[in-house]
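Protein sequence lines, in the order shown, are assigned to chains A and B. Residue numbers are given in our numbering: position 16 of the first sequence equals residue 16, and the series is strictly consecutive. Residue numbers are given in our numbering: position 122 of the second sequence equals residue 1122, and the series is strictly consecutive.
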Amino acid sequence: MSYKVAKIGLVSSHPEVYDPCDDSFVLVDALLADRVNLAQHQPSICIEIGCGSGYVITSLALILGKEVPHPALYIATDINPYAVTVTRETLEAHGCFADVVNTDITNGFEKRLSKSVDVIVVNPPYVPTPEDEVGCKGITSAWAGGENGRTVIDRILPVAEELLSDKGWLYMVTLAANKPVDLCMEMKQKGFTSRIILQRSTDEESLQVIKFWRDLDTQLEANVGENTKLLQFNPFSFWKRGNQSAPTSCKEKFSLYD
Amino acid sequence: MRLITHNMLSSNIKGVTNGFPLRIEAEKVVEKEVDFNPDFLRNMFSKIEWKALTDASKALGYAELPEETEPSMLESELFLRKLHHALLELHLEEGALVCPETGRKFPVNKGIPNMLLHEDEV
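Following this line, the structure appears as structure tokens:
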């Protein structure tokens, strides 16, 4: 049976592993909304940093598997030793495969995968917490983000800069408290353009999915279309329609939930 | 863990100058068939460190890869099938990856390597 995204009923779980929640869903919805661009992108190597339950990496493999004729190498990492096992179980339950590694961010891969990764997806621990909660290997690692929720994010960004290929894309979930405008400005210093591609507000959180790519990539500008080109440098150029996302391709109208 | 990923992993222990490749100690190896896709293999080929792959492949019990390669081999289905098998169908389920400089072992359980460093290794 082929699924559009990972099925909650098939996602494995463990008391020390973060179950899929609004932040997981917003990231997968953003990937789903961007599936046409992702298919055209033809990524060879995709990495999820912080795979947790495996919901996102499984969904990415399903989304790309449907759209792209040639397979990609999927790698999933997590600092939590329970999460890597759960992720493997979730992938198997969906007939998907990724190489799963228990490591801190992408420790061990940076040298060989430098400038080689075409897609990185990350739902980082973004919740503002005391610093001493950051870096524990249990379930706390799923959300503890230190001051402004930025401690782990600030470690991930230079890693993404190192690993992303020239055409590489980074999709990251953030909270308003993470100061996404500052984030985008910092990435601009590293030569990355960014755009918020999905925003969702729940009772508790205001979440954004930001997409980053290197400035030298002009193909995405073509995909975005003339009327949004001017808005590329304004990270708040997203459509406010409550829970709906902005279409990323002006050529196509589609429903997220078909 | 498959050899395509092993080929991308190094030891990152503090003070290690060249932690690649990690030597493999295999206790349990499983073979899982996966669809043959020559384009994917050709695409990945330029990233592969060949000697690391042949050594790793032998450690997992598969010694069919040629010791050296040349570009014309990418047109040979026989070669590509061997490459496919070694890169994508052999799984190290239980064993260890060993840092070539320090000898430190990173355990592999249920196909998942544990690359977490101890505090004094960071």
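We put the beta carbon where it would ideally sit given N, CA and C, even for glycine. Quick caveat, the model's predicted, so the values are computed rather than measured.
Contact of Ile1024/B with chain A by beta-carbon distance below 8 Å is absent, the smallest such distance being about 14 Å. In the three-state reduction of the DSSP assignment, Trp143/A falls in the coil class.
Residue pairing of Gln42/A in beta bridges, as defined by DSSP: absent, with no partner found. CA-to-CA, the gap between Glu161/A and Glu1094/B works out to about 33 Å. Beta bridge pairing from DSSP links Pro124/A with no other residue. One thing to note: Leu198/A has its Cβ no nearer than 9 Å to the Cβ of Ala39/A. Rounded to the nearest whole angstrom, the CA to CA distance from Ile75/A to Ser1046/B is 19 Å. Beta-bridge pairing by DSSP links Phe192/A to Arg214/A. Shown in chain order are the members of the region 102-122 of chain A whose Cβ falls below 7 Å from a Cβ of chain B: Asn102, Thr103, Asp104, Asn107, Gly108, Phe109, Lys111, Arg112, Leu113, Ser116.
Distance between Asp1055/B and Val1108/B, taken at the CA atoms: about 18 Å. At a beta-carbon threshold of 9 Å, none of the residues of chain A lie near Phe1036/B; the nearest stands roughly 11 Å away. Identification of residues in the region 79-97 of chain A having a C-beta nearer than 8 Å to some C-beta of chain B yields Ile79, Pro81, Val84, Thr85, Arg88, Phe97, given in sequence order.
With respect to the C-alpha of Pro43/A, the residue from Glu204/A, Val28/A, Tyr18/A, Trp169/A having the closest C-alpha is Trp169/A. Residue pairing by DSSP places Asn1109/B opposite Ile1112/B in a beta bridge.
Under the three-state reduction of DSSP output, Ser201/A falls in the strand class.
Beta-bridge partners of Met172/A (DSSP): Val122/A, Ile210/A. Look at Arg1002/B: its C-beta is under 9 Å from a C-beta on chain A. Under the 8 Å Cβ criterion, the region 78-97 of chain A counts as touching the region 12-29 of chain A, having at least three qualifying pairs. Ranking Glu147/A, Val134/A, Arg195/A, Val127/A by CA distance to the CA of Asp23/A puts Val127/A first.
When beta bridges are read from the DSSP output, Thr77/A appears opposite Ile49/A, Val101/A.
Excluding sequence positions up to five before and after Gly145/A, its CB lies within less than 8 Å of the CB of Pro124, Pro125, Tyr126, Val127, Pro128, Thr129, Val134, Thr151, Val152, Ile153, Asn178, all in the same chain and listed in chain order. Secondary structure at Ser12/A: coil, using DSSP grouped into helix, strand and coil.
Inter-residue distance for Glu1089/B and Gly191/A is about 38 Å (C-alpha atoms, whole angstroms).
Just measuring C-alpha positions, the residue of Glu48/A, Tyr3/A, Leu10/A, Cys21/A sitting nearest Met172/A is Glu48/A.
Excluding five sequence positions before and after Ile120/A, the CB atoms of its chain that fall closer than 6 Å to its own CB belong to Ile47, Ala160, Leu170, given in chain order. Chain A places no beta carbon closer than 9 Å to that of Pro1100/B, leaving this residue out of the contacts.
At least one C-beta of chain B is nearer than 9 Å to the C-beta of Ala72/A. By the neighbour-count criterion, in which a residue is buried when 16 or more other Cβ atoms sit within 10 angstroms of its Cβ, Gln189/A is exposed. Taking 9 Å as the threshold, the shortest C-beta distance from Ile75/A to chain B falls below it.
In the DSSP secondary-structure assignment, Ile1024/B is bridged to Leu1097/B. In this structure Ala6/A touches His94/A by the C-beta definition: roughly 6 Å separates them, less than 8 Å. Contact check for Val100/A and Ile1112/B: beta-carbon distance about 5 Å, within the 8 Å limit, so the pair qualifies.
Annotation: Val1016/B is outside any alpha helix (DSSP H) and is labelled neither H nor E by DSSP. At a cut-off of 9 Å between C-beta atoms, Ser13/A does not count as an interface residue with respect to chain B. By the beta-carbon neighbour count (other beta carbons within 10 angstroms, threshold 16), Ser114/A is exposed.
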